[in-house]
Amino acid sequence: MNEFLEIPKTAMVIFAHPDDAEIGTGATVAKWVSNGTNVVYLLATTGSSGSNDLEMTSKKIVEIRSNEQIQAAKAIGVNEIVSLDYVDGELESNRSLLSDLVYNLRKYKPEIVFTHDPFRMKNFLHRDHRNLGFSVMDAIYPYARDHLHFPEQINENIQPHKVKKLLFWGSDEPNICVNVSNYEQKKVESLSKHESQLPGLSLGSEYGKNIILRLKNSAKDLSFEYGESFRMIEARS
Ligand SMILES: [Zn+2]
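Note that this note's numbering gives residue 632 to position 60 of the sequence shown, counting from 1, and the numbers run on in steps of one.
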């Protein structure tokens with residue numbers, strides 16, 4: 573495991589449901605934003621299935637989670653959230669999703685992209701996470717890069733774009749770790765805004781302590797205290 577030292581100018585977090593971004597990248601993004609990185613959140617679904625409350629309707633939970641996501645992003649320092657509004661649980665790795673991803677990569681031109689690792693074998697993986705992870709990989713290479721894919725998108729503002737690095741969270745085999753010491757509490761703070769999903773989460777709660785402990789474990793063989801780990805693949809230059 574190597575320490576990942578780079579702090580890019582631009583990055584994008586592409587995630588399936590409200591709260592996935594903070595779970596995957598909360599501390600890293602908090603650190604990068606405070607060092608000047610422009611980070612855009614690209615949220616694929618509305619989170620319309622995220623409730624165990626039998627009285628809850630999809631319409632109500634969508635509104636609640638949308639507000640929670642705005643507050644969580646604000647706690648991290650991210651101001652721009654692009655919502656694709658696919659239905660929670662019905663995300664398909666298809667042409668429509670690919671087109672939306674390619675368009676937003678070409679529009680925001682991130683150097684680094686984060687998303688779900690679709691190759692996780694050791695644990696269950698939400699189908700939306702898997703489908704999105706595969707589509708993000710495809711969107712980066714070759715679709716966003718090559719002008720003959722989705723040529724109807726191309727104009728003076730929307731140009732082919734080459735993402736340099738793709739970082740997966742939730743990976744069986746992470747190969748890099750970002751030193752997030754001093755930002756470990758930010759992760760819990762931002763996640764606590766997702767109250768409908770993580771009720772009662774705070775720094776002092778069991779789950780809050782557990783999140784901090786996991787960041788500590790990620791950095792256990794490294795020279796810093798808290799880390800967020802990812803599996804990175806790089807584009808050939
Ligand atoms: Zn999710």
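Beta carbons are placed, not taken as given, at the ideal position from N, Cα and C, and that holds for glycine.
For residue 674, three-class secondary structure by DSSP: helix
field: Enclosing beta strand (DSSP E) for residue 688 [first to last residue]
entry: 684-688
message: Tell me whether the segment 668-684 and the segment 598-618 touch, counting them as touching only if at least three CB pairs, one residue from each stretch, are closer than 8 Å.
response: yes
field: Top-ranked residue by Cα proximity to residue 645, from 614, 619 and 771
entry: 614
message: Please state the DSSP three-state secondary structure of residue 606.
response: helix
- request: Please confirm whether any heavy atom of ligand 1 lies closer than 6 Å to the CB of residue 814.
  value: Not covered by the structure: residue 814. The range shown for the chain is 573 to 809.
task: Starting from residue 803, follow its DSSP beta bridges and name the residues at the other end.
output: 740
task: Reducing DSSP to helix, strand and coil, say where residue 628 ends up.
output: coil
- request: Go ahead and label residue 796 buried or exposed: buried means 16 or more other beta carbons lie within 10 angstroms of its beta carbon, across all protein chains shown.
  value: exposed
task: Return the bridge partner residues of residue 583 from the DSSP annotation.
output: 611 and 684
- request: Closer than 5 Å is what we want: which residues have a beta carbon that near any heavy atom of ligand 1? List them in chain order.
  value: 588, 589 and 592
- prompt: Can you tell me the Cα-Cα spacing of residue 628 and residue 773, whole angstroms?
  reply: 21 Å
Proximity below 7 Å, CB of residue 761 to CB of residue 798: no
- prompt: Any idea what DSSP makes of residue 669, helix, strand or coil?
  reply: helix
query: Out of curiosity, what's the CA-to-CA distance linking residue 741 and residue 749?
result: 11 Å
field: Euclidean distance between Cα positions of residue 727 and residue 574
entry: 39 Å
Same chain, Cβ closer than 8 Å to residue 810, neighbours up to 5 away in sequence not counted: Outside the shown range of the chain, which is 573 to 809, sits residue 810, and nothing can be said about it.
message: So residue 763 and residue 578 are supposed to be a Cβ contact under 8 Å. How far apart are they, rounded?
response: The pair is not a contact, with the Cβ atoms about 25 Å apart (cut-off 8 Å).
field: residue 700: first and last residue of the uninterrupted alpha helix (DSSP H) it sits in
entry: 699-710
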